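A.B. asks: All the letters of the sequence shown, read from the start, carry residue numbers 16 to 121 under my numbering.
Every residue gets a Cβ at the ideal spot worked out from N, C-alpha and C, and that includes glycine.
As the structure is a computational prediction, the values presented were derived from the model and not from experiment.
Provided herewith is a single structure, encoded as structure tokens, for subsequent inquiry.
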Amino acid sequence: MTKTTTAGELRAMQLPDLSREIKAQVLLIEQLRLGVQLKKEKDTAKLRRERRQLARMKTEWARKTTAQLQGVTKPSTVPTSAKASASALRATADKTADRSASQARS
């Protein structure tokens, strides 16, 4: 892979394509690392850029795999503490409504 793939392009890729790109990126990094160690590669920063690109690819692969396993396209953006407090509020409201209904019947 000679050109850096953007985050949008990574998101648009299917899992098999992304896996193939990851394998190609790993091979490229191995070649670059060997070139840097043997002093054949002059641009040592290129190795760092390619490692970061591999990390982006693996992150997107993990996101897609997790979403596929959960059967969900996007994870919830509501923090866990907010979900818990919302459930507690609903439970309190239900108890209050039950008390009001039982008092009205009496």
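(1) If I follow the unbroken alpha helix (DSSP H) through residue 72, where does it start and stop?
(2) Using only the alpha-carbon positions, how far apart do residue 40 and residue 69 sit?
(3) Over the uninterrupted alpha helix (DSSP H) stretch that includes residue 38, give me the two end residues.
(4) Our contact map puts residue 37 next to residue 73 with C-beta atoms below 8 Å; I'd like the distance itself, whole angstroms only.
(5) Rounded to the nearest angstrom, what separates residue 110 and residue 118 at their Cα positions?
(6) Taking residue 82 as the reference, which of 21, 20, 29 and 18 has the closest Cα?
C.D. replies: Based on what the coordinates show:
(1) 59 to 85
(2) Between the alpha carbons of residue 40 and residue 69 lies a distance of about 6 Å.
(3) 30 to 52
(4) Contact flag correct, Cβ pair sits at about 6 Å.
(5) 12 Å
(6) 29
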